[in-house]
Structures are given as structure tokens and as C-alpha cells.
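Written below as C-alpha cells is the structure these notes are about.
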Amino acid sequence: MNYARFVPQHFLWRLENEVGVVTLNRPERKNPLTFESYAELCDLFRGLGATREVKALVITGAGGNFCSGGDVHEIIGPLTRMGSDELLKFTRMTGDLVLQMRLCPQPIIAAVDGVCAGAGACIAMAADMRLATATARTAFLFTRVGLAGCDMGACAILPRIIGQGRASELLYTGRAMSAEEGAAWGFFNRIIAAEELEGQALALAAEIARGPTLAHAMTKQMLHREWSLGVEAAIEAEAQAQAACMQTEDFQRAYRAFAAKQKPIFKGD
Numbered sequence: 536m537n538y539a540r541f542v543p544q545h546f547l548w549r550l551e552n553e554v555g556v557v558t559l560n561r562p563e564r565k566n567p568l569t570f571e572s573y574a575e576l577c578d579l580f581r582g583l584g585a586t587r588e589v590k591a592l593v594i595t596g597a598g599g600n601f602c603s604g605g606d607v608h609e610i611i612g613p614l615t616r617m618g619s620d621e622l623l624k625f626t627r628m629t630g631d632l633v634l635q636m637r638l639c640p641q642p643i644i645a646a647v648d649g650v651c652a653g654a655g656a657c658i659a660m661a662a663d664m665r666l667a668t669a670t671a672r673t674a675f676l677f678t679r680v681g682l683a684g685c686d687m688g689a690c691a692i693l694p695r696i697i698g699q700g701r702a703s704e705l706l707y708t709g710r711a712m713s714a715e716e717g718a719a720w721g722f723f724n725r726i727i728a729a730e731e732l733e734g735q736a737l738a739l740a741a742e743i744a745r746g747p748t749l750a751h752a753m754t755k756q757m758l759h760r761e762w763s764l765g766v767e768a769a770i771e772a773e774a775q776a777q778a779a780c781m782q783t784e785d786f787q788r789a790y791r792a793f794a795a796k797q798k799p800i801f802k803g804d
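Numbering (our numbering) for the sequence shown: 536 to 804.
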């Protein structure tokens, strides 16, 4: 796919200096997801593993909010009329979005403003880094609608970010986590003024995009894989990963640049 010319139907996309920007764009309803936008987002992240055009990603929402979760009328209502097979197909698709975000090689930065709820909170959770405004309110509100907190990998991923006790509180109560709490607990990397949010997210993504692409992809892969490894297995896996990175041209470039007292220019090979 030519990502410079990619025009999705259910969100906005642009490619800016090797940084792909996804903007959820239904601001009049706080950017809820639909069956179609879930599927299209899954396809986007799944396809990114086969491209070298995109080296980092930013995902954000239009109109002062990130994402209000599944659309009440276009998703929640229809779900109440589905049978068990259809419901399982849907929940597997929503989980696949998080999985594809974790498996795509590019680091993902979520730029979170305002409402970040339900599936929107899980999308932010699935990103590699999260920047927020002071008004960001993140709620894993599944229990508020009679569902379990174990949605889209939340019971596996959220405790690893903020700790078991804090994750349990949010997943049991469905209450909103403030931006201040999110920063103190490690969910947000930092809090930024609203007018600077997208610019700083793009700047961070651009900094990453200038780095060694294959090495970043390996870092992301190992961060994901090592959740399920013991320390001994993790150390061996990292030894093999680092040895592979030492065979790249970018590693050679970095050495030559260091020897010449220059800054390396990485090319992702």
C-alpha cells in the first residue's frame, strides 16, 4: 500500500515526514468507534508491518476529545440483538485491534485530550507512549454498562502499566482516571498544554522516526514478547535480538559516525 496516498473511509490519515497520523474524526459525538472503523483500523495496523514508508505513528482525536468508545447507537444497540456467535466475532475483532497495534513494528504515540473512554481507553493503553492534556479523563467504563473489565486485553496490559491495585480499581469501578493521576501512575508520559499536544506528539514521533527503524521494531517486539518470559528466557531472547541488530547497516553507520565525531543518519537497514 502507498501510505502517502492512503485515504481511509472511517478516520483521517496523513503521512508527515515518515510519521503516520491517525485522527478519529467524529467530533460531534466525541469520536466514537463503529463496526467499520474498528475493522479499518485493524487493517491499517496489520498492514504497517510490510512498509518502510511509516516509521512511527501518532493516534489522536478531533475536536478536543480522544475517543468515547463504541458508538451507543451503531454498536451497543445492535450488540443487544446479536447471538453468541456474532458477539464473539465482534469481541475478537475489538481485541484484534489492540493486538495489531502491539504487533505492528512502528512505535505508537497516543495524544489524548478530553474524553478517553471504553474502547478509546484501550486504544490509548495499547499505544507505546501516551501524552495527555490536563483535561484528559480516561475511563475503562465497561462495568458501568454491565460488562466485565476484561476487554481488549485490559486485564493483561493495564496492570503492567499502572500496577495491579490501581488497574483493579479502575476496572472494577469504571471511574475516570484524571490526567494528574495518569501521569503519577505512569499511564501518561507527560501532561501537555492542549494547544501543544499534537505538535509535541509529532515531534516525539519524528525523533523516533529518525532513529534506527529495525532496532526500534526489535525493541517493541521484545517489550511485547517478554511479558510472558521468565528472567532467564528474557535475557537469552534479548541476547539473540541484540546480536541480530548488530548485523544491521545502521549499527555500522553509528560506529562510523561515532569514530568521526558525527551524528549518525539512520536508514532503517
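Even glycine gets a Cβ: it sits at the ideal position worked out from N, Cα and C.
Quiz item: Just how far apart, CA to CA, sit Ala645 and Ile594?
Solution: 5 angstroms
Quiz item: Three or more C-beta pairs closer than 8 angstroms, one from the segment 712-723 and one from the segment 605-614: is that the case here?
Solution: no
Quiz item: What is the C-beta distance between Phe675 and Gly684, in whole angstroms, given that I count them as a contact (C-beta under 8 angstroms)?
Solution: 6 angstroms
Quiz item: What are the boundary residues of the beta strand (DSSP E) that includes Met712?
Solution: 711-713
Quiz item: In terms of residues, what are the limits of the alpha helix (DSSP H) holding Leu676?
Solution: Neither: Leu676 is in no alpha helix (DSSP H) and is coded neither H nor E.
Exercise. Determine the direct distance from the alpha carbon of Ile743 to that of Gly734, and round the result to whole angstroms.
Key: 14 angstroms
Quiz item: From Leu576 to Leu632, what does the alpha carbon distance come to, in whole angstroms?
Solution: 7 angstroms
Quiz item: Skipping 5 residues on each side, what residues in its chain have a beta carbon closer than 6 angstroms to that of Gly555?
Solution: Val589, Leu592
Quiz prompt | Span separating the alpha-carbon of Arg665 from that of Lys565 | solution = 19 angstroms
Quiz item: Within 8 angstroms (strictly less), CB to CB, does Phe722 reach chain B?
Solution: Annotation note: the requested chain B is absent from the structure, which comprises a single protein chain.
Quiz item: Going by Cα to Cα distance, which pick from Phe601, Gly721, Tyr538 is closest to Glu563?
Solution: Phe601
Quiz item: Would a C-beta distance cut-off of 8 angstroms place Phe570 and Ile610 closer than the cut-off?
Solution: yes
Quiz prompt | Helix, strand or coil at Ile644 according to DSSP, with G and I counted as helix | solution = strand
Quiz item: Enumerated in chain order, which unbroken segments of the beta strand (DSSP E) with a length of 3 residues or greater are wholly contained in the segment 555-611?
Solution: 591-596
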